[in-house]
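K.L.:
Below is the structure I would like to discuss, written out as structure tokens.
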Amino acid sequence: MSSVVNAGPPDVRTLAAAQSDRDVHDYPRSVSSTTADSRLTIVGSLVGSAGLVWLLYTQVLPFSGPIGFLICWYVVYVLMFTAVTAIAHPRPIVVDRLWTAVITGAAVIVAAALVSAVAFVVVRGWAAVHHLNFFTQAQSSGSPTAPLNQGGILNAIVGSAIELTIATVISLPLGIGAAIYMSEVGGRFARVVRTVVEAMTSLPDILAGLFIYTVLIVALGLPRSGLAAGVALSVMMLPYVARSADVALRVVPGGLREAGLALGASQWRTVWRVVLPTQRSGLLTAVILGMARAVGETAPVLITSGASTFINPTWSQLFSCFGIGNAGCAPVDYPMNSLPLYIYTAVRSGEPQFIERGFGAGIVLLAMVLILFGTARFLSRNKVGRR
Amino acid sequence: MTTLIDLQPPGSSPEPGDDKTPRKIPRSLSRADRIFRWSTTGIGAVVLVITGAIAAFLGYQLIPTLHHYGLHFFTENLWQPQSNVLGIEQVLIGTVEVAIIAIIFAFPLALLTALYISEYAPSWLRGFLTPMVDLMAAIPSILYAMWGVFLINPHALYVARWLNEYFGWIPVFHVSGGQPRAAVFVLSLYQSSPFIAGMVVSMMIIPIACAVMLGVFGQAPLSEREGAYALGSTRWGMIRAVVLPFGRGGIVGGTMLGLGRALGETIAVTLILSLNTDVKFRPLEEGGVTTAQLIANYFGEATSAQLSALLAAGFVLFAMAIFVNTIAAIIVSRSRSGALTEI
Numbered sequence: 232m233s234s235v236v237n238a239g240p241p242d243v244r245t246l247a248a249a250q251s252d253r254d255v256h257d258y259p260r261s262v263s264s265t266t267a268d269s270r271l272t273i274v275g276s277l278v279g280s281a282g283l284v285w286l287l288y289t290q291v292l293p294f295s296g297p298i299g300f301l302i303c304w305y306v307v308y309v310l311m312f313t314a315v316t317a318i319a320h321p322r323p324i325v326v327d328r329l330w331t332a333v334i335t336g337a338a339v340i341v342a343a344a345l346v347s348a349v350a351f352v353v354v355r356g357w358a359a360v361h362h363l364n365f366f367t368q369a370q371s372s373g374s375p376t377a378p379l380n381q382g383g384i385l386n387a388i389v390g391s392a393i394e395l396t397i398a399t400v401i402s403l404p405l406g407i408g409a410a411i412y413m414s415e416v417g418g419r420f421a422r423v424v425r426t427v428v429e430a431m432t433s434l435p436d437i438l439a440g441l442f443i444y445t446v447l448i449v450a451l452g453l454p455r456s457g458l459a460a461g462v463a464l465s466v467m468m469l470p471y472v473a474r475s476a477d478v479a480l481r482v483v484p485g486g487l488r489e490a491g492l493a494l495g496a497s498q499w500r501t502v503w504r505v506v507l508p509t510q511r512s513g514l515l516t517a518v519i520l521g522m523a524r525a526v527g528e529t530a531p532v533l534i535t536s537g538a539s540t541f542i543n544p545t546w547s548q549l550f551s552c553f554g555i556g557n558a559g560c561a562p563v564d565y566p567m568n569s570l571p572l573y574i575y576t577a578v579r580s581g582e583p584q585f586i587e588r589g590f591g592a593g594i595v596l597l598a599m600v601l602i603l604f605g606t607a608r609f610l611s612r613n614k615v616g617r618r
Numbered sequence: 004m005t006t007l008i009d010l011q012p013p014g015s016s017p018e019p020g021d022d023k024t025p026r027k028i029p030r031s032l033s034r035a036d037r038i039f040r041w042s043t044t045g046i047g048a049v050v051l052v053i054t055g056a057i058a059a060f061l062g063y064q065l066i067p068t069l070h071h072y073g074l075h076f077f078t079e080n081l082w083q084p085q086s087n088v089l090g091i092e093q094v095l096i097g098t099v100e101v102a103i104i105a106i107i108f109a110f111p112l113a114l115l116t117a118l119y120i121s122e123y124a125p126s127w128l129r130g131f132l133t134p135m136v137d138l139m140a141a142i143p144s145i146l147y148a149m150w151g152v153f154l155i156n157p158h159a160l161y162v163a164r165w166l167n168e169y170f171g172w173i174p175v176f177h178v179s180g181g182q183p184r185a186a187v188f189v190l191s192l193y194q195s196s197p198f199i200a201g202m203v204v205s206m207m208i209i210p211i212a213c214a215v216m217l218g219v220f221g222q223a224p225l226s227e228r229e230g231a232y233a234l235g236s237t238r239w240g241m242i243r244a245v246v247l248p249f250g251r252g253g254i255v256g257g258t259m260l261g262l263g264r265a266l267g268e269t270i271a272v273t274l275i276l277s278l279n280t281d282v283k284f285r286p287l288e289e290g291g292v293t294t295a296q297l298i299a300n301y302f303g304e305a306t307s308a309q310l311s312a313l314l315a316a317g318f319v320l321f322a323m324a325i326f327v328n329t330i331a332a333i334i335v336s337r338s339r340s341g342a343l344t345e346i
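Residue numbers (our numbering), protein chains in the order written: chain A, 232 to 618; chain B, 4 to 346.
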């Protein structure tokens, strides 16, 4: 029986894989498999170029600095690798190997830049994050230049959470609703909405802040507040959520809608019971990525929120939002700090202690973004809706 | 049970006695559907009004600005709120300058990284790298700004000095007052320059461009790839013959999307570039200005006329960004097949 099974159609494999196990003597060169020759060429060129550049760069020529060294090393490596390959191989292989070296090198540069950016923030902020008071105290509990075991960023964390909540509450229903309108109802007006929403995704972030600043704070005379910052963030977030949700809804197969309608369901029930559940994860991903984007936005917050060093809201300020007491409702009446704004202020301050705290806040912000991003990835991975 | 009867195909008799008249099918929408349509249309209209109002508001600010400062607003170099001389020529040049420097760094790196991920990386690594590109795009710009201010700025100035030393005779690499061969050279002269700001901004646009390119490269038809290999092509030969021509739209479109983002980048530029509205085109030299930085610096103490001028400058920036992004979107969408998903 096993012979019958084996007699099935051959595996559809990519040619690269098929070639790697082909007889070597069949054809003088192998296209994609790595051989001892190619590996040794890479290692030899890496070592040789490192030695040569070290000798020339640091000993002979009057250069210095790690960035210059790495650039020179890479350039010399590519040249040496090409030269070594050219000894034994025809021109097409030399060109192929040259481009392999260039492309891999570029990918390594980008990866190194990304890793260094993340690692730099984590390493510099590690000392600040070490202290528990960093998370449990407000900025006002210790001056920026105080030792790291006094004061913290609780007010910024609370502020970021409140502003993000305000932005999400505004842009979630509007964004998803507009996406449903654009993809399910359609028509000429929907195309206008889609065009405008697409255009607004390219709104520079500072302009969202400047718009809210001009309208709410200058024209209407409201104070700089967490509410203004939340609204400014929602201006950034709304087109983004609407567009991503629209893209998610558009890939719902038309056959599912037709099946729903053919069963006698109204359009409303089809959308509610078929279309939205099919793309539940896609819609959530759109919203969560929008939140991840909004929580790190600095420019709108910089213009609209002002900055306080106290925790807003205190309990009395929270109660007065609901008409109990007259302390003034915190997100509406008082300036509010947030993580990006805290970092911005820290970087501008020039105080070493404050900058260190800024990096600590950077770790917290990075963690928030990573959690949101990871959640979005997790949601978009399991396709619950597809049955 | 009534629903079951409703579901019988038209033509079958709903009642045993009456077999001539077909069941009536309502042609108008049900009440629930009308409410659904009206409410979603309402939401769409609200979103249109909110988003459109911003664009209209920004555009409207041009009127008082031009009234107050005249057409010189576009040709005046200086931005001096003290003497009430405001012009955005140098600001616009500076914005484009930083964006172009960012693109010069970002375009080759994004293209080659996309090629690596889609063509060279082993499959286990590809599954890891593709979300990394998205993650790189999701990292807030303030974190890249910190990285730029405290890590790149102190180190990249040596690259700038080196470029000035050996290529200073090319006008673009010239630094006025730079004496690189002097025993003690002025470090700050090479710091906080458009060159370094552009370098940091490129980190934020690489993932944007790279993601678009990845999407297009992944759609290059397998049969043509294998055809190229079957004709004896090397991997680079296949890339040049199949992947790059197929992905040309994505390469151009993705780069332009990145350019649109680079034009409006605020925080990294504000923190790195030292504000200076002098006319110069020497990217290696300290100082420069972009529109977003101008707004971030001057909104606080602006009078109402100056605030209008800032908004008008912002509108010009917005118009440039929309123009670039729209062209990019058209190019990208043309390069992809528009096949609808069906079951």
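The C-beta atom is built at its ideal place from N, Cα and C for all residues, glycine as well.
1) From A:347, A:442, A:429, pick the residue whose C-alpha is nearest to that of residue 409 of chain A; which is it?
2) Starting from residue 347 of chain B and walking both ways along the alpha helix (DSSP H), at which residues does that stretch end?
3) At 3 residues or longer, what runs of the beta strand (DSSP E) sit wholly inside the stretch 45-122 of chain B?
4) Does chain A have any CB closer than 8 angstroms to the CB of residue 215 of chain B?
5) Less than 8 angstroms between C-beta atoms, sequence neighbours within five positions excluded: which residues of the same chain meet that for residue 466 of chain A?
6) Count the other CB atoms, across all protein chains shown, that sit within 10 Å of the CB of residue 281 of chain B; report buried if there are 16 or more and exposed otherwise.
7) Measuring straight from C-alpha to C-alpha, what distance separates residue 425 of chain A and residue 370 of chain A?
8) If we ignore side chains and look at the alpha-carbon of each, how far apart do residue 360 of chain A and residue 351 of chain A end up?
9) Residue 54 of chain B and residue 470 of chain A: beta carbons closer than 8 angstroms?
10) Can you pull the chain A neighbours of residue 3 of chain B, defined as C-beta to C-beta under 9 angstroms?
11) Quick check: what's the CA-CA separation for residue 168 of chain B versus residue 190 of chain B?
12) Specify the secondary structure class of residue 624 of chain A as computed by DSSP and reduced to three states.
13) What does residue 116 of chain B touch in chain A if you count any residue whose Cβ is under 7 angstroms from its own?
14) Between residue 305 of chain A and chain B, is the shortest Cβ-Cβ distance under 8 angstroms, so that the two count as touching?
15) Consult DSSP for residue 291 of chain B and reduce its assignment to one of helix, strand or coil.
16) Take residue 609 of chain A and list the residues in its own chain whose beta-carbon comes closer than 7 angstroms to its own, dropping the five residues that flank it on each side.
17) Quick check: what's the CA-CA separation for residue 381 of chain A versus residue 541 of chain A?
18) Using a Cβ-Cβ cut-off of 7 angstroms (strictly less than) and excluding sequence neighbours within five positions of residue 38 of chain B, which residues of its own chain qualify?
19) Can you tell me which of the three DSSP states residue 278 of chain B falls into?
20) Name the residues in the stretch 427-455 of chain A whose C-beta lies less than 8 angstroms from a C-beta of chain B; which are they?
21) Nearest CA to the CA of residue 416 of chain A: which residue from B:41, B:111, B:110?
22) With a threshold of 16 other CB atoms inside 10 Å of the CB of residue 494 of chain A, please say whether the residue is buried or exposed.
23) To the nearest angstrom, how far is it from the Cα of residue 499 of chain A to the Cα of residue 411 of chain A?
24) Compute the Euclidean distance between the alpha carbons of residue 248 of chain A and residue 235 of chain B, then round it to the nearest angstrom.
25) Identify the continuous alpha helix (DSSP H) that holds residue 232 of chain B and give its terminal residues.
26) Cβ of residue 308 of chain A less than 8 angstroms from any chain B Cβ?
27) Can you give the Cα-Cα distance for residue 354 of chain A and residue 606 of chain A, rounded to whole angstroms?
28) Cβ of residue 327 of chain A less than 8 angstroms from any chain B Cβ?
29) Would you say residue 472 of chain A lies against chain B (beta-carbon separation less than 8 angstroms)?
30) Is the stretch 517-537 of chain A touching the stretch 133-145 of chain B, taking contact as three or more C-beta pairs under 8 angstroms?
31) By alpha-carbon positions, which one of B:307, B:265, B:277, B:209 ends up nearest to residue 417 of chain B?
32) With 8 angstroms as the limit, tell me which residues of the stretch 390-417 of chain A have their beta carbon closer than that to any beta carbon of chain B; keep them in chain order.
33) What residues from the stretch 491-517 of chain A come within 8 angstroms of chain B, judged by C-beta to C-beta, listed N to C?
34) Counting Cβ pairs closer than 8 angstroms, one from the stretch 75-82 of chain B and one from the stretch 324-332 of chain B, do we hit at least three?
35) Which residues in the same chain as residue 201 of chain B place their Cβ atom closer than 6 angstroms to its Cβ, once the five residues preceding and following it in sequence are excluded?
36) Please classify residue 318 of chain B as buried or exposed, where buried requires at least 16 other C-beta atoms within 10 Å of its C-beta.
P.N.:
The relevant details are as follows:
1) Residue mapping note: residue 409 of chain A aligns to position 178 of the first sequence, counting from 1. Considering only alpha carbons, the answer is A:429.
2) Here chain B has residues from 4 to 346 only, and residue 347 of chain B is not among them.
3) Within the stretch 45-122 of chain B, no run of beta strand (DSSP E) reaches 3 residues while sitting entirely inside it.
4) For the purposes of this step, residue 215 of chain B is identified with residue 212 of the second sequence, where counting begins at 1. Under the 8 angstroms criterion on CB atoms, residue 215 of chain B is classed as non-interfacial with respect to chain A.
5) Numbered from its first residue, the first sequence carries residue 466 of chain A at position 235. Its chain contains 434, 439, 442, 443, 531 as the residues whose beta carbon lies nearer than 8 angstroms to that of residue 466 of chain A, once the 5 sequence neighbours on both sides are disregarded; these appear in chain order.
6) What you label residue 281 of chain B is simply residue 278 of the second sequence in a count that begins at 1. Exposed, since its Cβ has fewer than 16 Cβ neighbours within 10 Å.
7) As a first step, residue 425 of chain A must be located in the first sequence, where it is residue number 194. As a first step, residue 370 of chain A must be located in the first sequence, where it is residue number 139. Residue 425 of chain A and residue 370 of chain A: Cα-Cα distance of roughly 43 angstroms.
8) Here residue 360 of chain A refers to the residue found at position 129 of the first sequence. Here residue 351 of chain A refers to the residue found at position 120 of the first sequence. Rounded to the nearest whole angstrom, the C-alpha separation of residue 360 of chain A and residue 351 of chain A is 14 angstroms.
9) Along the second sequence, one-based indexing puts residue 54 of chain B at 51. Along the first sequence, one-based indexing puts residue 470 of chain A at 239. Yes. Within cutoff.
10) This structure gives no information on residue 3 of chain B, because the portion of chain B shown stretches from 4 to 346.
11) On the second sequence, residue 168 of chain B is found 165 positions in, with the first residue counted as 1. On the second sequence, residue 190 of chain B is found 187 positions in, with the first residue counted as 1. Cα to Cα, residue 168 of chain B sits roughly 13 angstroms from residue 190 of chain B.
12) This structure does not reach residue 624 of chain A, given that chain A is present from 232 up to 618, and the question cannot be answered.
13) Residue numbering aside, residue 116 of chain B sits at position 113 when the second sequence is read from its first letter. Those within 7 angstroms of residue 116 of chain B in chain A are 337, 338, 341.
14) Counted from its first residue, the first sequence places residue 305 of chain A at position 74. So no, residue 305 of chain A is outside the interface.
15) Position 288 of the second sequence, counting from 1, holds the residue named residue 291 of chain B. If DSSP states are grouped into helix, strand and coil, residue 291 of chain B belongs with the strands.
16) Stepping through the first sequence from its first residue, residue 609 of chain A is reached at position 378. A distance below 7 angstroms between beta-carbons, with the five flanking residues on each side excluded, links residue 609 of chain A to no residue of its chain.
17) Numbered from its first residue, the first sequence carries residue 381 of chain A at position 150. Numbered from its first residue, the first sequence carries residue 541 of chain A at position 310. Roughly 14 angstroms between the two C-alpha positions.
18) The sequence position of residue 38 of chain B within the second sequence is 35, counting from 1. If you ignore the 5 residues before and after residue 38 of chain B, its C-beta comes within less than 7 angstroms of no other C-beta in its own chain.
19) Residue 278 of chain B sits at position 275 when you count from the first residue of the second sequence. Of the three classes helix, strand and coil, the one that applies to residue 278 of chain B here is strand, per DSSP.
20) Listed by position, the residues of the stretch 427-455 of chain A near chain B (Cβ gap below 8 angstroms) are 427, 428, 429, 430, 431, 432, 433, 434, 435, 436, 437, 438, 439, 441, 442, 444, 445, 446, 449.
21) Within the first sequence, residue 416 of chain A is the residue found at index 185, counting from 1. Each of B:41, B:111, B:110 was checked against the Cα of residue 416 of chain A, and the nearest Cα belongs to B:41.
22) Taking the first residue of the first sequence as position 1, residue 494 of chain A is located at position 263. It is exposed - the Cβ of residue 494 of chain A has fewer than 16 other Cβ atoms within 10 Å.
23) What you label residue 499 of chain A is simply residue 268 of the first sequence in a count that begins at 1. What you label residue 411 of chain A is simply residue 180 of the first sequence in a count that begins at 1. One C-alpha to the other measures close to 11 angstroms.
24) Start at 1 with the first residue of the first sequence, and residue 248 of chain A comes out as number 17. Start at 1 with the first residue of the second sequence, and residue 235 of chain B comes out as number 232. At residue 248 of chain A the pLDDT is 49, less than 50, meaning the model places this residue with poor confidence; the figure from the coordinates comes in the next sentence. Approximately 15 angstroms, taken between the alpha carbons.
25) In the second sequence, counting from the first residue as 1, residue 232 of chain B sits at position 229. That run of the alpha helix (DSSP H) goes 225-233.
26) The residue labelled residue 308 of chain A in the question sits at position 77 within the first sequence. Not closer than 8 angstroms to any Cβ of chain B, the Cβ of residue 308 of chain A fails to qualify, so no.
27) In the first sequence, counting from the first residue as 1, residue 354 of chain A sits at position 123. In the first sequence, counting from the first residue as 1, residue 606 of chain A sits at position 375. Straight through space, the alpha carbons of residue 606 of chain A and residue 354 of chain A are spaced by roughly 25 angstroms.
28) Residue mapping note: residue 327 of chain A aligns to position 96 of the first sequence, counting from 1. Taking CB atoms only, residue 327 of chain A has a neighbour in chain B less than 8 angstroms away.
29) If you number the first sequence from 1, residue 472 of chain A lands on position 241. By this cut-off, residue 472 of chain A is not an interface position.
30) Here the stretch 517-537 of chain A makes contact with the stretch 133-145 of chain B; the two share three or more CB pairs at distances below 8 angstroms.
31) Coverage of chain B is limited to positions 4 through 346, which leaves residue 417 of chain B absent and any answer about it impossible.
32) So the close ones are 404, 405, 406, 408, 409, 411, 412, 413, 415, 416.
33) Of all residues in the stretch 491-517 of chain A, 494, 495, 497, 498, 499, 500, 502 have a Cβ within less than 8 angstroms of some Cβ in chain B.
34) No contact exists between the stretch 75-82 of chain B and the stretch 324-332 of chain B.
35) Taking the first residue of the second sequence as 1, we reach residue 201 of chain B at position 198. Taking residue 201 of chain B as the centre and dropping the five residues before and after it, the same chain places the C-beta of 101, 104, 105 closer than 6 angstroms to its C-beta, in chain order.
36) The residue you call residue 318 of chain B lines up with position 315 of the second sequence. Burial state of residue 318 of chain B is buried, judged by a 10 Å Cβ sphere holding 16 or more other Cβ atoms.
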